[in-house]
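K.L.:
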Amino acid sequence: VHAAALILGSFLMEHKPSPATRVAVSRKAYAVLGGLTMLAILLRIPSLDSCLWLDEVLTMARYARWPLERIFTSFPDQNQHMLFSLLAHCSLRVFGEHAWALRLPSVLFGIGSLWGLFLMGRRLVGQTEALIACALMTVSYHHIWFSQNARGYMGLLFFTAVGTWLWLEAMERNAWRTWIAYAITIAFGMWIHMTMLFVVAAHASIFLVAWLRSGRQAARLIPALAAFALCATLTLQVYALALPEFSRTAVSEFSPASEWVHPMWVVREMLRSLQVGFAGSAVVFCGALLVAAGFLGILRRQPYAACAMVLPAILGAASMLLLGHNLWPRFFFFCMGFGLLIVIHGAIELPRILLGIAGLKAWAPRTGYALAGLLIVASLATVPRCYALPKQDFTGARDYVERQRGPADRVVVVGLAVYAYAEYYAPDWTVAATGIDLTAFEQSGQRLFVVYTLPIDLKAAHPDIWKIVASDFETIKVFPGTLGGGEVYVCRERAGLGRLVMEAR
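Residue numbers (our numbering): -6 to 498.
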């Protein structure tokens, strides 16, 4: 049906170029973008082969290793980012089972997102500011972190930027070819992560408002309706073979009550992350001023585009709150391109406003560019932090325990650390699924080591285990990582406690 519709459409639908005059991209701009691309590649190579963190382990063990036909037809839980799993599988088949090979698709999407940001930014704030935003993205701590993250979030950022650019072009030119390209881009974005639904929902809502205000012309409505219908049917097609399992398992997933479901937690975590990525609270405060100035500037000149930059995040946050889902900051990473454009435009706009009031308007452009350059330098200074530690140091904790344990000692893994060790890094270690299991191991007479991570989840999902660990074990080593709250804890049973428990019973 899709093939027939597209073939028929190519004959029936005329492409009418927009009468608007477009400024061609200069060779200098392409040269700068090419230089930023090379720099981005160099900055994303160090530590690319470092220890996988929890979600990456799940990607490796549960999805990327599968045969292609199983990846196409399986959706056991929401950790399945199907398009990324397909690409990671191909990368592992070509290069072998290495952490860097698993992460390679994210690196490529990260490089591509620079070009997507340029296309979108050139459309919104002009070529110069778009290149400055690309420079900031190139040296961004968070962008490097996610470029080295074997998940679908970087691909989602790429398709969000390109899809939004095509949507803006289609809104202006009303060309069938642009609308079809938009629909295909959205379908790929949905294939890599379903959060793309909030992007297309925002686009559809804004288009409807714009169409109602513009006189309700049928010539503008029909191509858009066809494109949004194509978004839905193409998405249905790529997920069709996995829908039975998706309806049985993934839809029924729920998040246990914990700090992760509270809105204030995600606010605190985002502020902590910004302090890491931009070197301190003062920069975060100044950034808030730049965001306000930049957003108001874009809103004044292109109100529909400004709404498209914030509405997806609002829809996503509202949906997760209503569903009681964990509010992890990475769910909003797809809006990073929007944020960078807003901040850079604010850096240019704020001096114009302030110096205009002071009667020094002639100094505004140079001051704005200097401020934008300062942001880039501040971000560049934080890049080494990406390489200082792995995201989660599961291998460091494993090697430490193996050096400390005796021949008769037992290592027990609890909570989310079970997935990392039982499925990948240490399959011979013992797993305690409940507090009863852990108590039984205590009574065995063996000295126990307990390894866990992400205490927020352990407290919420396994309070019985947490109570025993807190009372009967002492933490002897903590292995930090760049994942917020993702430290790996190594605990040892307090001296003689196992024997006393056994004698008491």
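All C-beta atoms, glycine included, are put in the ideal place defined by N, C-alpha and C.
Could you tell me whether the stretch 168 to 178 touches the stretch 202 to 220, using the rule of 3 or more Cβ pairs below 8 angstroms?
P.N.:
yes
K.L.:
Please report the distance separating the alpha-carbon of L364 from that of I341.
P.N.:
For the purposes of this step, residue 364 is taken as the residue at position 371 of the sequence shown. For the purposes of this step, residue 341 is taken as the residue at position 348 of the sequence shown. Approximately 8 angstroms, taken between the alpha carbons.
K.L.:
What distance in whole Å lies between the Cβ atoms of E122 and I291, which are believed to be in contact at a cut-off of 8 angstroms?
P.N.:
Translated into positions along the sequence shown, residue 291 becomes position 298. Translated into positions along the sequence shown, residue 122 becomes position 129. Not quite, the Cβ-Cβ distance comes to about 10 angstroms (not below 8 angstroms), so this is no contact.
K.L.:
Select from R206, A212, C224, W169 the residue whose C-alpha is nearest the C-alpha of A194.
P.N.:
Position 201 of the sequence shown, counting from 1, holds the residue named residue 194. Selected option, being the one with the closest Cα: C224.
K.L.:
Using 8 angstroms as the Cβ pair cut-off and three pairs as the minimum, do the stretch 112 to 119 and the stretch 324 to 338 touch?
P.N.:
As far as the Cβ criterion goes, the stretch 112 to 119 touches the stretch 324 to 338, which means the pair count is three or higher.
K.L.:
Going by alpha carbons, who is nearest to A357 out of V(-6), V303, G339, N142?
P.N.:
On the sequence shown, position 364 is the one that residue 357 refers to. The shortest C-alpha separation from A357 is found at G339.
K.L.:
State the DSSP-derived secondary structure class of T423, mapped to helix, strand or coil.
P.N.:
For the purposes of this step, residue 423 is taken as the residue at position 430 of the sequence shown. Strand at T423.
K.L.:
With the cut-off set at 9 angstroms, would you say V376 and Y134 are in Cβ contact?
P.N.:
Counted from its first residue, the sequence shown places residue 376 at position 383. Counted from its first residue, the sequence shown places residue 134 at position 141. Cβ atoms of V376 and Y134: closer than 9 angstroms.
K.L.:
Which residues does DSSP pair with L441 in a beta bridge?
P.N.:
As a position in the sequence shown, residue 441 is number 448, starting the count at 1. L441 is bridged to R403.
K.L.:
Going by CA-CA distance only, name the one from W160, V231, F139, S207 that's closest to M183.
P.N.:
The sequence position of residue 183 within the sequence shown is 190, counting from 1. Out of W160, V231, F139, S207, V231 has the C-alpha closest to the C-alpha of M183.
K.L.:
Can the beta-carbon of L382 be found closer than 9 angstroms to that of T468?
P.N.:
On the sequence shown, residue 382 is found 389 positions in, with the first residue counted as 1. On the sequence shown, residue 468 is found 475 positions in, with the first residue counted as 1. Contact flag unset, no.
K.L.:
According to the Cβ coordinates, are L95 and L107 closer than 9 angstroms?
P.N.:
Residue 95 sits at position 102 when you count from the first residue of the sequence shown. Residue 107 sits at position 114 when you count from the first residue of the sequence shown. Cβ atoms of L95 and L107: not closer than 9 angstroms.
K.L.:
Thinking C-beta only, is R345 closer than 9 angstroms to G330?
P.N.:
In the sequence shown, counting from the first residue as 1, residue 330 sits at position 337. In the sequence shown, counting from the first residue as 1, residue 345 sits at position 352. Result no, Cβ atoms of G330 and R345 do not sit closer than 9 angstroms.
K.L.:
Compute the beta-carbon to beta-carbon distance between G479 and Y445, rounded to the nearest angstrom, for a pair I have assumed lies under 8 angstroms.
P.N.:
If you number the sequence shown from 1, residue 479 lands on position 486. If you number the sequence shown from 1, residue 445 lands on position 452. In fact, because the Cβ distance is near 11 angstroms, the residues do not count as touching under 8 angstroms.
K.L.:
Taking 8 angstroms as the limit between beta carbons, can you name the residues of its chain near D402, skipping five residues before and five after?
P.N.:
Here residue 402 corresponds to residue number 409 of the sequence shown, with the count starting at 1. Counting only Cβ-Cβ distances below 8 angstroms, and skipping sequence neighbours, we find Q439, R440, L441, F442.
K.L.:
Starting from F387 and walking both ways along the alpha helix (DSSP H), at which residues does that stretch end?
P.N.:
As a position in the sequence shown, residue 387 is number 394, starting the count at 1. Unbroken alpha helix (DSSP H) run through F387: 387 to 397.
K.L.:
Measuring CB to CB, does L161 end up less than 9 angstroms from A22?
P.N.:
The sequence position of residue 161 within the sequence shown is 168, counting from 1. The sequence position of residue 22 within the sequence shown is 29, counting from 1. No, the Cβ-Cβ distance between L161 and A22 is not below 9 angstroms.
K.L.:
Using alpha carbons as the reference points, say which of A126, V25, L51 lies closest to V543.
P.N.:
Residue 543 lies beyond the residue range present for the chain, which begins at -6 and ends at 498; the question has no answer from this structure.
K.L.:
Taking just the CA atoms, how far does A299 sit from V284?
P.N.:
Along the sequence shown, one-based indexing puts residue 284 at 291. Along the sequence shown, one-based indexing puts residue 299 at 306. When rounded, the distance between both Cα atoms is 12 angstroms.
K.L.:
Answer with buried or exposed for A(-4), where buried requires no fewer than 16 other C-beta atoms within 10 angstroms of its C-beta.
P.N.:
Within the sequence shown, the letter at position 3 stands for residue -4. Burial call: exposed.
K.L.:
Kindly indicate which three-state DSSP category E486 falls into: helix, strand or coil?
P.N.:
Numbered from its first residue, the sequence shown carries residue 486 at position 493. It is a strand residue.
K.L.:
How many Å lie between A33 and L373 at the Cα?
P.N.:
Here residue 33 refers to the residue found at position 40 of the sequence shown. Here residue 373 refers to the residue found at position 380 of the sequence shown. Roughly 12 angstroms between the two C-alpha positions.
K.L.:
In angstroms, rounded to a whole number, what distance separates the CA positions of I179 and G103?
P.N.:
Within the sequence shown, the letter at position 186 stands for residue 179. Within the sequence shown, the letter at position 110 stands for residue 103. So the alpha carbons of these two residues sit roughly 18 angstroms apart.
K.L.:
Taking the straight line between their C-alpha atoms, what separation do you get for T423 and V405?
P.N.:
On the sequence shown, residue 423 is found 430 positions in, with the first residue counted as 1. On the sequence shown, residue 405 is found 412 positions in, with the first residue counted as 1. Taking the straight line joining both Cα atoms gives about 5 angstroms.
K.L.:
Could you name the residues of the same chain whose beta carbon sits closer than 6 angstroms to that of K384, not counting the 5 residues immediately before and after it, in chain order?
P.N.:
Residue numbering aside, residue 384 sits at position 391 when the sequence shown is read from its first letter. W46, G474, T475, L476, listed in sequence order.
K.L.:
What's the gap between the Cα of L227 and the Cα of I177?
P.N.:
Here residue 227 is taken as the residue at index 234 of the sequence shown, counted from 1. Here residue 177 is taken as the residue at index 184 of the sequence shown, counted from 1. Using only the alpha carbons, I get a separation of about 8 angstroms.
K.L.:
Closer than 8 angstroms by C-beta to W204: which residues in its own chain qualify, once you throw out the five before and the five after it? Chain order, please.
P.N.:
Taking the first residue of the sequence shown as position 1, residue 204 is located at position 211. If we look at W204 and ignore the five residues flanking it on each side, its Cβ neighbours are Q210, R213, L214, A217.
K.L.:
Looking at the unbroken beta strand (DSSP E) that takes in V471, where does it start and where does it end?
P.N.:
Locating residue 471 in the sequence shown gives position 478, counting from the first residue. Element bounds for V471: 466 to 472.
K.L.:
Please state the DSSP three-state secondary structure of V481.
P.N.:
By one-based count along the sequence shown, residue 481 stands at place 488. Three-state result, V481: strand.
K.L.:
Buried or exposed, going by whether 16 or more other CB atoms sit within 10 Å of the CB of T427?
P.N.:
Position 434 of the sequence shown holds residue 427. Label assigned to T427: exposed.
K.L.:
Hey, is the stretch 60 to 70 in contact with the stretch 152 to 166, meaning 3+ C-beta pairs nearer than 8 angstroms?
P.N.:
no
K.L.:
Run through DSSP, which three-state label would T446 get?
P.N.:
Counting from 1 along the sequence shown, the entry for residue 446 is found at position 453. It is a strand residue.
K.L.:
Tell me whether I0 sits in a helix, a strand or coil according to DSSP, three-state version.
P.N.:
As a position in the sequence shown, residue 0 is number 7, starting the count at 1. The answer is helix: DSSP assigns I0 an H, G or I state.
K.L.:
State yes or no: is the C-beta of A57 within less than 9 angstroms of the C-beta of H82?
P.N.:
If you number the sequence shown from 1, residue 57 lands on position 64. If you number the sequence shown from 1, residue 82 lands on position 89. A distance below 9 angstroms separates the beta carbons of A57 and H82.
K.L.:
Based on Cα-Cα distance, which residue from A453, M31, E486, T188 lies nearest to F434?
P.N.:
Position 441 of the sequence shown, counting from 1, holds the residue named residue 434. Ranking the options by Cα distance to F434, first place goes to E486.
K.L.:
Unbroken beta strand (DSSP E) runs of length 3 or more, entirely within the stretch 330 to 360: which are they?
P.N.:
none
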